[in-house]
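Count along the sequence shown from 1, add 12, and you get the number used in the numbering used here. Every residue, glycine too, gets a C-beta built ideally from N, C-alpha and C.
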Amino acid sequence: MQTLQSCSRLLAVLVAPILQPSDPPAGAPGAAGGSSGAAGGPGGPAAGPAGGAGGAAAVGEPLEVVDPEAAPDDDADPELNCHACACLRAVLLSSFLVLSLSKAAAEAITGQAAPQAPNPAPPPGSPADKERRRQQVLQRVFVGELVAAIEASGVMEHMARATLAAAVWLDGIEDPEDPHLTLSAALAALCVADSGPSYGLPPCMYGLPMPGEEGPEEVEKDSVVPEVRQTGGRQPIFSHTVQALVEGLSRAPTAAPWIRSLRAAKLLLRVARWAVESGRVWTEASAEEAEQASEEEEEEEEEEPASEEEEEAEGRRPVGPRRPPASSSEVLVVEPEPEPEAGQGADEDGGGEEEEEEEEKGDTPPSQVLVGTAEVVSTAARSLARVDKLLAAEAPGGAAVQRAAAERWRVAVDAALHASRWAQDQEGIKALGDLFDPLIQGREMRADGSLPPEPPPALVSALAGGIVWGVEGLLRAAGREGFAGAAAALAADLLGPERRPGVLLRRLLAYGPPDEAAALVITIGKVLRTAEAEVAERTDTRASQNLLFMCSSLYRVHPDVEETDLQKRLTPGMGAADRQLSLMLMRSAVEWVPVMARLAQITTAHVFEGRLGTRSDTMTWFPRLSSFATGALIWFRMIPRLLELGRSGEGPSGSGGGAGATAPAAGPSAAAAATAAAAGPSTSAAAASDGGGYAALAALLLREAVPTIGALLRLTELWSPGASSAGPEPERVRMHAAAFVMQVFDVASALAVVAPDEVRRAAQESAASKRKGAASEPAAAVAGGWRSQVITGLMTKLRDNHKARNTDSELGLKALASLLSKWARGEDASADVPMLVSRAVSDSSRRALRRLPPPESALSLLPACANPGCTRLDGDSEADLPLPLSAGDGPGGARRFCSERCRSLACGGAGAGRGAGAGNC
């Protein structure tokens with residue numbers, strides 16, 4: 013017994029440096045003595061104390077796994093490699109000891125120590141018979157003591173633990189049988205966990221120990237390592253078991269020539285799936301424990317208050333152990349080995365106690381072999397990263413390779429949805445985000461500016477693996493978590509500025525299944541509305557930063573209005589990918605633009621409040637503002653053309669006019685169409701369809717355009733075209749800020765022409781707020797921008813920045829300032845309108861809309877809740893959200909709602925003020 017315990021202590025000491033304790037093992041110097049003790053194990057119990065002399069102090073150290081990839085090479089750090097080799101030698105010696113003792117036990121119990129001539133049995137009761145019986149008792153006692161000693165010492169678990177840890181650390185092992193043994197042991201654990209094929213693994217390998225991931229408190233108690241199949245319940249397996257499998261398969265076929273690359277990739281996919289399913293099980297367990305704790309608290313609150321004497325006599329804590337809840341995970345449930353029947357040979361008095369013990373054993377839930385929470389993300393990410401390399405070595409195009417590639421993306425999607433919660437830090441989030449990098453590689457456009465007819469090969473496999481559905485589910489989870497959880501962090505990483513923002517989203521919308529792409533667009537709109545209500549006011553939180561990173565991709569998904577690009581791209585003969593992207597862009601105008609405009613208004617107020625840094629330093633607030641406002645500005649520039657199309661019936665939605673047809677210049681009469689359309693719903697998908705297509709879409713945009721442009725005009729008072737800091741990045745931001753200001757001026761001029769009534773009211777409100785002295789307050793930022801003084805100051809800044817030296821621009825600014833001044837005083841300003849008409853409808857906006865389909869086509873792809881403020885994010889996809897309720901009977905049919913609350917808000921409730929009046933229900 014002492015010898016076996018010495019072996020366990022020795023193995024614990026040798027493994028400790030590989031697992032890197034937080035402090036140097038206090039008993040490390042004693043390891044030498046342990047080695048001699050182990051070597052002399054068969055000599056007798058005297059070897060035991062010598063072996064354990066140095067290990068006891070090191071047993072209780074907290075363990076931290078060392079990453080072999082981050083470690084220096086063999087020459088730079090020979091000490092750790094020596095420890096790894098010492099582990100293998102100690103395992104070999106310990107195995108010899110255990111095998112010798114086991115062989116002796118087998119010989120003792122079978123009576124086959126040496127072949128002898130058969131002797132007749134001695135007469136019963138004779139001295140020879142008594143001696144024979146005494147020897148049989150001693151043999152049974154020896155076997156029982158040996159089994160108990162092996163179990164109590166944990167030597168088998170320590171041997172497995174040391175072998176796996178050493179195999180992970182060493183790049184290669186001289187003995188070719190050692191990596192095979194390590195892989196076999198790890199594969200046995202995988203087969204037990206997921207009930208998958210064993211690829212010819214000998215049945216005897218399933219009997220190898222499967223040590224659990226012990227904590228310091230378990231190690232302190234006699235160096236006990238749990239055996240996951242015997243403990244019951246959810247049990248994390250020793251982390252190096254999984255790492256040994258990942259590292260061994262990653263070196264195939266170089267270090268493991270018996271495993272082909274494709275077979276190794278399939279095994280790694282199983283490992284990654286095991287990690288993801290483990291993450292799902294741990295999440296379910298956390299939710300169940302939280303729910304059970306909440307129920308217990310409610311029960312305690314419902315109990316009547318007891319007297320002080322009763323409280324002293326009776327505790328309030330629940331009595332009895334809490335059974336771990338069952339899980340619906342697909343991970344294999346392993347039944348514990350049957351215990352010997354209780355009650356055999358017992359008297360009647362002890363029978364009741366043994367029956368109670370048997371019942372208690374029956375309450376132990378079956379074991380679930382899982383990857384530990386600390387290893388879920390790293391295991392999934394490292395396995396999938398190595399799958400990519402192994403599949404790249406295979407000949408492309410094969411059916412087996414394509415199936416493996418599709419499964420790789422299915423696992424990656426599930427990892428994003430179910431494993432991101434267990435990321436230990438931002439590096440874990442980034443590791444998951446790196447799995448999606450193949451989707452943003454390569455050129456996005458062809459030489460003529462159009463999208464390729466076929467998606468990139470990686471995207472083909474990803475679409476088969478459900479990537480569009482997965483990204484949508486991730487965004488919905490981010491919204492449900494309030495943008496502060498792991499799902500939001502991963503979504504921000506995927507869509508953020510460090511991963512070619514906009515490329516992934518555009519490709520998903522262009523090449524994904526149309527219904528899934530439409531559901532993604534609708535979900536993004538709901539997520540933005542959720543952010544408007546819950547996150548936008550908290551500018552200094554992680555949730556606010558996640559929202560900003562997510563929006564850095566959204567403002568790049570909009571119609572292209574650059575002249576040089578449009579000359580190539582906006583042609584009648586577009587491919588299928590271009591046409592689908594155009595449909596999604598039109599749908600995004602309905603779902604995203606209004607809420608993005610409101611977020612821009614909120615950000616403007618934050619700038620005036622000083623919550624985004626120094627107000628006079630553009631670098632501190634412009635990047636955030638542009639993420640919300642840039643896409644909205646591009647759509648606002650199209651309002652005049654939308655009104656033309658709505659009034660004349662031209663374009664794809666009307667019966668007249670071709671793609672290149674032109675309309676008369678928009679004038680004040682267009683405001684009547686906008687006003688009529690705005691009387692109906694203007695912030696929901698159903699509104700654009702019921703209100704007459706282009707005209708209703710123009711009204712939808714116009715409702716937010718006037719206050720948004722007013723806020724941005726007011727913000728130009730803080731904009732300084734001069735240098736705020738040195739360096740190329742600030743210079744780039746200053747250039748973009750100057751171009752942004754010119755866009756604001758262009759949209760303001762166009763709105764003054766096509767929506768004079770709305771702009772006149774805004775000008776009068778701005779003048780009134782100035783007279784009351786509130787124009788400098790953040791609350792008046794929206795109302796204070798439509799003033800002639802603001803335009804005059806802007807003209808001066810642009811002239812100094814060489815942006816208004818052009819005669820047309822300077823005359824336009826003067827005309828807009830004069831127009832606002834007259835409207836503020838209630839005078840007629842018709843004489844100033846002609847100078848602004850040229851900015852009302854630009855050639856670029858005409859060409860951009862010529863490429864876009866009518867709103868009705870985009871809205872027909874997937875019906876959505878007609879409540880303009882709906883933020884319901886149940887489930888993983890908008891396509892699965894039922895719309896059981898209806899109201900009204902307009903030209904587009906009854907309006908559908910997801911809940912009674914949404915119908916109430918849209919039909920005259922709080923949502924009616926956002927464009928859904930009771931008359932439409």
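{"Check": "C-beta neighbour in chain B for residue 294, strict 9 Å", "Outcome": "The structure shown contains no chain B; it is built from a single protein chain."}
{"Check": "The region 584-594 / the region 512-526 touching (three or more Cβ pairs under 8 Å)", "Outcome": "yes"}
{"Check": "Backbone secondary structure at residue 845 - three-state DSSP", "Outcome": "coil"}
{"Check": "Buried versus exposed, by CB contacts within 10 Å (16 or more), residue 670", "Outcome": "With a pLDDT of 36 at residue 670, under the threshold of 50, the modelled position of that residue is not reliable, and the figure given next carries that caveat. Classification of residue 670: exposed, given that the 10 Å Cβ count is below 16."}
{"Check": "Cut-off 7 Å between Cβ atoms - residues of its own chain near residue 730, not counting five sequence neighbours on either side", "Outcome": "619, 627 and 628"}
{"Check": "Between the CA atoms of residue 723 and residue 774 - distance to the nearest angstrom", "Outcome": "11 Å"}
{"Check": "Proximity winner among 217, 528 and 261, relative to residue 943 (alpha-carbon distances)", "Outcome": "Summary: the structure shown does not reach residue 943, with the chain confined to residues 13 through 933, and so no result is reported for it."}
{"Check": "Helix, strand or coil at residue 482 according to DSSP, with G and I counted as helix", "Outcome": "helix"}
{"Check": "Pick from 532, 508 and 642 that is closest to residue 564, judged by C-alpha positions", "Outcome": "508"}
{"Check": "Local conformation of residue 223 per DSSP, three classes", "Outcome": "strand"}
{"Check": "Spatially closest choice to residue 883 from 541, 515 and 311, by CA coordinates", "Outcome": "541"}
{"Check": "4 or more residues per run - each alpha helix (DSSP H) lying fully within the region 409-476", "Outcome": "411-430, 438-446 and 469-476"}
{"Check": "Sequence-distant residues of its chain with Cβ nearer than 6 Å to residue 561 (five each side left out)", "Outcome": "504 and 508"}
{"Check": "For residue 381, the three-state DSSP class (helix, strand or coil)", "Outcome": "strand"}
{"Check": "Residue 909 - DSSP class collapsed to helix/strand/coil", "Outcome": "strand"}
{"Check": "Cβ contact (3+ pairs, closer than 8 Å) linking the region 859-879 and the region 454-470", "Outcome": "no"}
{"Check": "Coarse secondary structure for residue 246, derived from DSSP in three states", "Outcome": "strand"}
{"Check": "Where residue 239 sits in the DSSP three-state scheme", "Outcome": "strand"}
{"Check": "Nearest-angstrom Cα separation, counted from residue 649 out to residue 759", "Outcome": "6 Å"}
{"Check": "Collapsed DSSP secondary structure at residue 516 in the structure displayed", "Outcome": "helix"}
{"Check": "Rounded C-alpha distance that separates residue 197 from residue 297", "Outcome": "28 Å"}
{"Check": "Selected residue, minimal CA-CA separation from residue 966, among 711, 420 and 486", "Outcome": "Absent from the model: residue 966. The displayed extent of the chain is 13 to 933, so no value can be given."}
{"Check": "Range covered by the alpha helix (DSSP H) that runs through residue 210", "Outcome": "Where residue 210 is concerned, there is no enclosing alpha helix (DSSP H), given that its DSSP letter is neither H nor E."}
{"Check": "Helix, strand or coil at residue 588 [DSSP, three-state]", "Outcome": "helix"}
{"Check": "Per DSSP, cross-strand counterpart(s) of residue 898", "Outcome": "908"}
{"Check": "Straight-line gap, residue 272 to residue 448 (C-alpha atoms, nearest Å)", "Outcome": "25 Å"}
{"Check": "Contact set for residue 615: own chain, Cβ-Cβ below 7 Å, skip 5 residues either direction", "Outcome": "636, 637 and 640"}
{"Check": "Spatial distance of residue 546 from residue 500 (CA atoms)", "Outcome": "14 Å"}
{"Check": "Inter-residue spacing [alpha-carbon to alpha-carbon] between residue 378 and residue 634", "Outcome": "58 Å"}
{"Check": "Segment contact, 8 Å Cβ cut-off, at least three pairs: the region 401-418 with the region 452-462", "Outcome": "no"}
{"Check": "Neighbourhood of residue 496 by C-beta distance below 8 Å, restricted to the same chain and skipping five residues each side", "Outcome": "553, 554, 555 and 558"}
{"Check": "6 Å CB neighbourhood of residue 280 in its chain, flanking five on each side removed", "Outcome": "261, 395, 398 and 399"}
{"Check": "Coarse secondary structure for residue 876, derived from DSSP in three states", "Outcome": "coil"}
{"Check": "Straight-line gap, residue 613 to residue 779 (C-alpha atoms, nearest Å)", "Outcome": "19 Å"}
{"Check": "Length of the line joining the Cα atoms of residue 753 and residue 617", "Outcome": "17 Å"}
{"Check": "Residue range of the unbroken alpha helix (DSSP H) whose run includes residue 630", "Outcome": "630-648"}
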